[in-house]
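In the working numbering, the protein residues as written are 3 to 295.
Heads up, the beta-carbon is just placed ideally off N, CA and C, and yes, glycines get one too.
Remember, it's a predicted structure, so these values are computed and weren't measured experimentally.
Below you can see the structure in the form of structure tokens.
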């Protein structure tokens with residue numbers, strides 16, 4: 003009888019572990035990306051055991067992986083950003099590729115063809131072509147990326163993520179004057195969208211706010227724009243790690259630290275002199291100021 007109870011307890015532990023594994027995999031795929039590729043030698047012969055080094059120029063972090071017997075390598079769980087990928091193998095000359103862009107939930111591909119060298123020589127550095135992930139097998143549906151440079155450069159009146167989500171072609175604004183600019187993705191109600199920050203859901207629980215963010219009915223902000231590194235808007239993804247919505251997924255990741263001390267500050271002002279001459283503002287004096295750091 004005791005043996006049966008022990009077996010039943012072990013079965014419960016295995017079941018709970020399997021139940022939580024998809025959630026862990028989902029968090030990893032939503033908040034990070036990866037780098038993969040193939041290392042070949044002369045006559046396209048796979049090179050096994052080559053050392054792949056992935057370096058972030060901003061943080062100095064280093065990730066090292068080895069190629070398998072077929073010459074392929076994969077590095078997952080990498081933060082979004084630009085990286086330098088280099089390869090070293092015994093008997094071959096080193097090579098490196100700079101500017102490899104890792105996007106949210108995407109696998110950036112970097113391939114190397116090495117030449118046989120009897121003596122270690124200086125590595126050959128090439129520049130990664132732009133938009134390498136625009137047409138990739140890891141893209142499983144329509145999606146739009148709002149990079150960190152776009153978040154910094156584009157103007158915004160409300161300083162909220164909705165201003166940047168409108169850059170997505172599948173996003174429209176409710177024309178009803180009483181809707182407060184509710185966002186519709188793929189023709190769905192804004193309550194059917196999903197909002198995530200670093201893999202954590204930030205949806206409005208009651209569905210009363212126009213923004214869809216947590217605390218939206220009180221004009222709250224789920225996260226400050228100063229802390230956002232990149233946005234991703236996904237429409238109908240064919241990916242088991244992304245779900246729970248019928249409109250679209252608004253996925254945001256926060257900034258990571260660097261080796262340099264930096265700070266930001268902003269100040270914006272709007273008055274009656276900066277708006278069109280329309281009856282709504284004619285004869286009225288107002289001043290709207292926003293500042294922070």
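Could you check which residue in the options has the C-alpha nearest to that of residue i?
{"i": "residue 263", "options": "61, 235 and 294", "result": "61"}
{"i": "residue 82", "options": "109, 192 and 70", "result": "109"}
{"i": "residue 184", "options": "171, 238, 165 and 200", "result": "165"}
{"i": "residue 127", "options": "101, 106, 257 and 152", "result": "101"}
{"i": "residue 37", "options": "47, 65, 234 and 50", "result": "65"}
{"i": "residue 252", "options": "271, 106 and 98", "result": "106"}
{"i": "residue 277", "options": "267, 289, 268 and 269", "result": "289"}
{"i": "residue 199", "options": "163, 193 and 273", "result": "163"}
{"i": "residue 103", "options": "154, 195 and 59", "result": "59"}
{"i": "residue 173", "options": "95, 201 and 191", "result": "191"}
{"i": "residue 249", "options": "287, 268, 255 and 167", "result": "167"}
{"i": "residue 273", "options": "260, 287 and 265", "result": "287"}
{"i": "residue 63", "options": "261, 268 and 99", "result": "261"}
{"i": "residue 269", "options": "239, 94, 161 and 259", "result": "161"}
{"i": "residue 44", "options": "205, 130, 94 and 70", "result": "94"}
{"i": "residue 72", "options": "294, 47, 159 and 84", "result": "47"}
{"i": "residue 234", "options": "144, 156 and 259", "result": "144"}
{"i": "residue 129", "options": "293, 84, 189 and 119", "result": "84"}
{"i": "residue 271", "options": "159, 205 and 295", "result": "159"}
{"i": "residue 118", "options": "67, 156, 189 and 42", "result": "42"}
Given a cut-off of 8 Å on the beta-carbon distance, is the pair residue i and residue j in contact?
{"i": "residue 257", "j": "residue 231", "result": "yes"}
{"i": "residue 116", "j": "residue 187", "result": "no"}
{"i": "residue 266", "j": "residue 228", "result": "yes"}
{"i": "residue 175", "j": "residue 146", "result": "no"}
{"i": "residue 254", "j": "residue 225", "result": "yes"}
{"i": "residue 247", "j": "residue 194", "result": "yes"}
{"i": "residue 39", "j": "residue 80", "result": "no"}
Pop quiz: residue i and residue j are said to be a contact at Cβ under 8 Å. What is the actual Cβ separation, rounded to whole angstroms?
{"i": "residue 236", "j": "residue 244", "result": "6 Å"}
{"i": "residue 98", "j": "residue 111", "result": "The Cβ separation is near 16 Å, so there is no contact."}
Step through the CB atoms of chain B and report whether any lies within less than 8 Å of the CB of residue i.
{"i": "residue 38", "result": "No chain B appears in this structure, which consists of one protein chain only."}
Can you find a heavy atom of the ligand ATP that lies under 7 Å from the Cβ of residue i?
{"i": "residue 288", "result": "For the structure depicted, the ligand ATP is absent and the ligand set is empty, with no information on it obtainable."}
Quiz item: Any contact of the region 47-67 with the region 83-92, i.e. 3+ C-beta pairs under 8 Å?
Solution: These segments touch.
Quiz item: Are the region 143-151 and the region 57-76 touching, with three or more C-beta to C-beta distances below 8 Å?
Solution: Flag = no, the region 143-151 and the region 57-76 do not touch.
Exercise. Entirely within the region 71-128 and at least 3 residues each: give me those beta strand (DSSP E) ranges in chain order.
Key: Within the region 71-128, the complete beta strand (DSSP E) runs of at least 3 residues are 74-80, 83-90, 97-104 and 109-111.
Self-check item: Ordered list of beta strand (DSSP E) runs contained in the region 139-171, each at least 3 residues
Solution: DSSP assignment within the region 139-171 yields the following whole beta strand (DSSP E) runs of 3 residues or more, N-terminal first: 144-148.
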